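Take a look at the structure below.
2 protein chains.
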Amino acid sequence: MDAAREMFVAEGYANVSMRKIADKIGYSPTTIYLYFKDKSDLVHQICEQTFARLAQNIKAIQQLSDNPLEKLRSGLREYIHFGLKHPSQYEIVFISPLPINVEGSFEDSNGKIAFDTMISVVGECVSANLLKHNNIELISQTLWAGIHGVTSLLIQHGGFPFVEREILIDSVIDTLISGIKA
Amino acid sequence: MDAAREMFVAEGYANVSMRKIADKIGYSPTTIYLYFKDKSDLVHQICEQTFARLAQNIKAIQQLSDNPLEKLRSGLREYIHFGLKHPSQYEIVFISPLPINVEGSFEDSNGKIAFDTMISVVGECVSANLLKHNNIELISQTLWAGIHGVTSLLIQHGGFPFVEREILIDSVIDTLISGIKA
DNA sequence: CAATATAAATTAACGGCGTTAAGTTATATT
DNA sequence: AATATAACTTAACGCCGTTAATTTATATTG
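Structural data, given as structure tokens:
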């Protein structure tokens, strides 16, 4: 998994074959199939490792504040930055066409848990009457769309003449929060 | 191109091979290479066709109103709905990892033109002093992130228990516009 | 220690893929 | 009818994910 993760990060999912991974670890390709059902399974397990950390990170960072809106903001920031720091895994879990994500794909994954963690604080904001309305699911998914958008755009379209990264990220977060605030 | 487009739409980019396309049109696989440099070129040209229409659609729809904010809103809506109506092409142009998008990938493509068309109206909003600030590029890219987020999420994660489609789309657009308004 | 059971890894192969080089068939031009 | 050009195909290369059958290494016994 370490070797595979390194290669995915360095060369992107599509350019890493089972044969190359086997080569790198000094085993024959078929050996990998003794430990992972198939390529999708291997990738899936790597991502689970990674996104378990995302959930932790978000939880930790949110506890640094007690203003619900500030918690929300820092959670959104962490999500985006985590995605940009682990572009291969983010791509696999959130961007790539489903063939990669096997059945039960996203539901009951650590990706989902990370998402749930991040948006749990939306409930707090609603309780504190800080938002325009109180449809927690709708607000959460709206926020998710926004932060997923900027994350995937920055990962996938590095060539695009984007405004400075951090400024764009802040702008998205500011716009979203200002858009849902009461 | 017609056959290939149909197959991409029906089975997704990854599951369509040059051999299958050749089969469908009753030619040998190599014949395709007489008309297209490679698979990426074929796909690229199909997408150019499609996104030329998106630019037209946005322009047409925006002309139905003369309130700049309403123009903006209808352009955003059209972008999202177009993406959902042509998920394969949207995926190829905006979602898929770069290997598919050859060099010069997104810049100087009809995808870029569609984007430019959609956000040209941001300038009008700024001129009319309708927005919080006047950094046109920043606002445009922020909006793009938002609408790309919801579009790609809905395309890629059909299984996710999303709130009703149109409601989520409206929520994203409302949040974005309300977030940038003065 | 030798015999055997089990675990770990490999070899060989299948069918698929994108793509290229060389050759063939069909159509147009003289 | 002869030739030039366009359209298309055959055969192959080197990849890919994956499986079945087999071998090698390690542990467990008597």
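Quick note, the sequences are listed as chains A and B, same order. Take the first sequence: its letters are residues 0 to 181, numbered as in numbering that gives the first Met the number 0. Take the second sequence: its letters are residues 0 to 181, numbered as in numbering that gives the first Met the number 0. Even for Gly, the Cβ is constructed at its ideal location relative to N, Cα and C. As the structure is a prediction and not an experimental result, all values here were calculated from the model.
Rounded to whole angstroms, what is the Cα-Cα separation between residue i and residue j?
i                      : j                      : result
residue 170 of chain B : residue 107 of chain A : 26 Å
residue 25 of chain A  : residue 115 of chain A : 39 Å
residue 35 of chain B  : residue 41 of chain B  : 6 Å
residue 139 of chain B : residue 118 of chain B : 6 Å
residue 160 of chain B : residue 110 of chain A : 14 Å
residue 145 of chain B : residue 137 of chain A : 15 Å
residue 178 of chain B : residue 141 of chain B : 10 Å
residue 143 of chain B : residue 66 of chain A  : 29 Å
residue 7 of chain A   : residue 31 of chain A  : 16 Å
residue 12 of chain B  : residue 87 of chain B  : 7 Å
residue 60 of chain B  : residue 82 of chain A  : 35 Å
residue 180 of chain B : residue 172 of chain A : 15 Å
residue 120 of chain A : residue 163 of chain A : 28 Å
residue 122 of chain B : residue 21 of chain B  : 46 Å
residue 27 of chain B  : residue 0 of chain B   : 15 Å
residue 63 of chain A  : residue 70 of chain A  : 8 Å
residue 176 of chain A : residue 89 of chain B  : 27 Å
residue 10 of chain A  : residue 49 of chain A  : 17 Å
DSSP state of residue i, grouped into three classes?
i                      : result
residue 111 of chain B : helix
residue 70 of chain A  : helix
residue 99 of chain A  : Below a pLDDT of 50, predicted positions are generally treated as unreliable, and residue 99 of chain A, at 48, falls in that range; no measurement from the model is reported.
residue 58 of chain B  : helix
residue 36 of chain A  : coil
residue 83 of chain B  : helix
residue 130 of chain A : strand
residue 160 of chain B : coil
residue 119 of chain A : helix
residue 106 of chain B : coil
residue 63 of chain A  : coil
Which same chain residues, not among the five before or five after residue i, have their C-beta less than 6 Å away from its C-beta?
i                      : result
residue 23 of chain A  : 2
residue 51 of chain A  : 109
residue 47 of chain A  : 109
residue 127 of chain A : 67
residue 4 of chain B   : 45
residue 78 of chain B  : 117, 146
residue 112 of chain B : 54
How is the alpha helix (DSSP H) around residue i delimited, first residue to last?
i                      : result
residue 89 of chain B  : 86 to 89
residue 17 of chain A  : 17 to 24
residue 7 of chain A   : 1 to 10
residue 149 of chain A : 135 to 155
residue 165 of chain B : 164 to 179
residue 31 of chain B  : 28 to 31
Near residue i, which residues of its chain fall below 7 Å by C-beta distance, leaving aside the five closest residues on each side in sequence?
i                      : result
residue 58 of chain B  : 116
residue 38 of chain A  : 17
residue 125 of chain B : 133, 135
So, does the segment 80 to 99 of chain A touch the segment 143 to 163 of chain B, judging by three or more C-beta pairs under 8 Å? yes
So does the segment 128 to 137 of chain A actually touch the segment 152 to 167 of chain A, counting three or more Cβ pairs closer than 8 Å? no
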